[in-house]
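Taken in sequence, the protein lines are chains A and B. Residue numbers for the first sequence follow my numbering, beginning at 3 and rising by one. Residue numbers for the second sequence follow my numbering, beginning at 3 and rising by one. Some notes on the structure that comes next.
Number of protein chains: 2
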Amino acid sequence: MTGRAGPDGLLAEGADDLFAALADRTRRRILVRLAEQPDDAGAVARDLDVSRQAIAKHLRILEDVGLVGAARQKQRRVHAVEPARLREISDLLGLVSRGWDRRLLQIKDLAESRDDPSA
Amino acid sequence: MTGRAGPDGLLAEGADDLFAALADRTRRRILVRLAEQPDDAGAVARDLDVSRQAIAKHLRILEDVGLVGAARQKQRRVHAVEPARLREISDLLGLVSRGWDRRLLQIKDLAESRDDPSA
DNA sequence: CCATAGTGCAACCCTTCGATTGCAGTATGG
DNA sequence: CCATACTGCAATCGAAGGGTTGCACTATGG
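Written out as structure tokens, the structure reads:
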């Protein structure tokens, strides 16, 4: 996403779409469903009890951020979770949290000094 | 969140609120801002060029999911990022992605066999 | 050739939610 | 006691987005 480690990764260009994609419960259900079994939109829709078109929209979003991939099989479009992309994300979050931990060590002291009633 | 490792963590009860909290760009900006410097709603609002009330709402949400903590200082309410909670989240995501990686090794083979044009 | 099952696009409803403004309450400091 | 600077709640506006239905298109398989 950035290559730089630290809090600013959260504000990077693609971060918005990525977090937005993950924010929807139905999309997360789709991810879990696809992790169990790659399938086409219709099959997922039947399992999750949502219309095929709604699932298709979600799949489009998940594809756009690289969380799932798709491949044509005859007239079907079979979708599957993209593990590499997934790994990327967890790594990013790891970096962010580590960066914060580092910063927050100083900040904690700082905050305590500011708590000082002498201010 | 669950204690169990694996994709299902994404569907856990609190996951919705957590991802929703992280989904908003302004809230992520607030987190970064607070990581640099713990402060009250008014100060953050001035920096981010958003109304104080809007910031206050966001802070409430961030508090609810445990991403930030607050402490009274005289009449001020000073907010700061909660590193422990942050760590929790990245750990969860790590578990999820590792779980998926494991599953997806099998799934990849499966998908490739399904891609087989002889079908 | 026809029935079937998948896709993709578009229009629409309705709920959610981010942001604003306004006002009242509370505590600090002169 | 009064001015200041916070806080907290409420009402409102507008945009975004999830879900639905409907229709046209394509390709497989009898």
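Glycine is no exception: its CB is placed at the ideal position from the N, C-alpha and C atoms.
For residue i, which residues in chain B fall below 8 Å Cβ to Cβ?
{"i": "ARG48 of chain A", "result": "What ARG48 of chain A touches in chain B: nothing, since even the nearest Cβ is about 18 Å away."}
{"i": "ALA25 of chain A", "result": "PHE21, ALA22, LEU24, ALA25"}
{"i": "ASP18 of chain A", "result": "ARG27"}
List the residues of chain A that residue i touches, going by C-beta distances under 9 Å, in chain order.
{"i": "LEU61 of chain B", "result": "Simply none; closest approach about 16 Å."}
Helix, strand or coil: how does DSSP classify residue i here?
{"i": "GLY44 of chain A", "result": "helix"}
{"i": "GLY71 of chain B", "result": "strand"}
{"i": "ALA82 of chain A", "result": "strand"}
{"i": "LYS76 of chain A", "result": "coil"}
{"i": "LEU13 of chain A", "result": "helix"}
{"i": "GLN39 of chain B", "result": "coil"}
{"i": "VAL52 of chain B", "result": "coil"}
{"i": "ASP18 of chain A", "result": "helix"}
{"i": "ASP26 of chain A", "result": "coil"}
Compute the Euclidean distance between the alpha carbons of residue i and residue j, then round it to the nearest angstrom.
{"i": "GLU84 of chain B", "j": "GLN39 of chain B", "result": "13 Å"}
{"i": "ALA25 of chain B", "j": "ALA17 of chain B", "result": "12 Å"}
{"i": "VAL82 of chain B", "j": "GLU65 of chain B", "result": "Looking at the sequence provided, one finds Ala at residue 82 of chain B rather than Val. Cα-Cα distance, rounded: 10 Å."}
{"i": "HIS60 of chain B", "j": "SER92 of chain B", "result": "21 Å"}
{"i": "LEU13 of chain A", "j": "LEU36 of chain B", "result": "14 Å"}
{"i": "ALA86 of chain A", "j": "ARG78 of chain A", "result": "24 Å"}
{"i": "THR28 of chain A", "j": "ARG100 of chain B", "result": "21 Å"}
{"i": "ARG31 of chain B", "j": "ALA72 of chain B", "result": "17 Å"}
{"i": "LEU33 of chain B", "j": "ARG74 of chain B", "result": "19 Å"}
{"i": "VAL70 of chain A", "j": "ALA56 of chain B", "result": "35 Å"}
{"i": "GLU90 of chain B", "j": "PHE21 of chain B", "result": "13 Å"}
{"i": "GLU15 of chain B", "j": "GLU15 of chain A", "result": "29 Å"}
Can you find the residues in the same chain that come closer than 8 Å, C-beta to C-beta, to residue i, ignoring five residues on each side of it along the sequence?
{"i": "ASP51 of chain A", "result": "none"}
{"i": "ALA23 of chain A", "result": "ARG29, ILE63, LEU64, ASP66, VAL67, LEU69"}
{"i": "LEU88 of chain B", "result": "LEU69"}
Could you pull out every residue in the same chain whose Cβ sits closer than 6 Å to the Cβ of residue i, ignoring the five residues on either side in sequence?
{"i": "ARG54 of chain A", "result": "ALA43, GLY44, ALA47"}
{"i": "ASP19 of chain B", "result": "VAL67"}
{"i": "LYS76 of chain A", "result": "none"}
{"i": "VAL80 of chain B", "result": "PRO40, ASP42, ALA73"}
Taking C-beta pairs closer than 8 Å, name the residues in chain A that residue i reaches, listed in chain order.
{"i": "ARG30 of chain B", "result": "LEU12, LEU13, ALA17, PHE21"}
Excluding the 5 residues preceding and the 5 following residue i in the sequence, name in chain order all residues of the same chain whose CB lies nearer than 7 Å to its CB.
{"i": "ALA58 of chain A", "result": "ALA43"}
{"i": "ASP49 of chain A", "result": "ARG35"}
Does the ligand PLP have a heavy atom nearer than 7 Å to the CB of residue i?
{"i": "LEU69 of chain A", "result": "The ligand PLP is absent from the structure shown, which contains no ligand whatsoever."}
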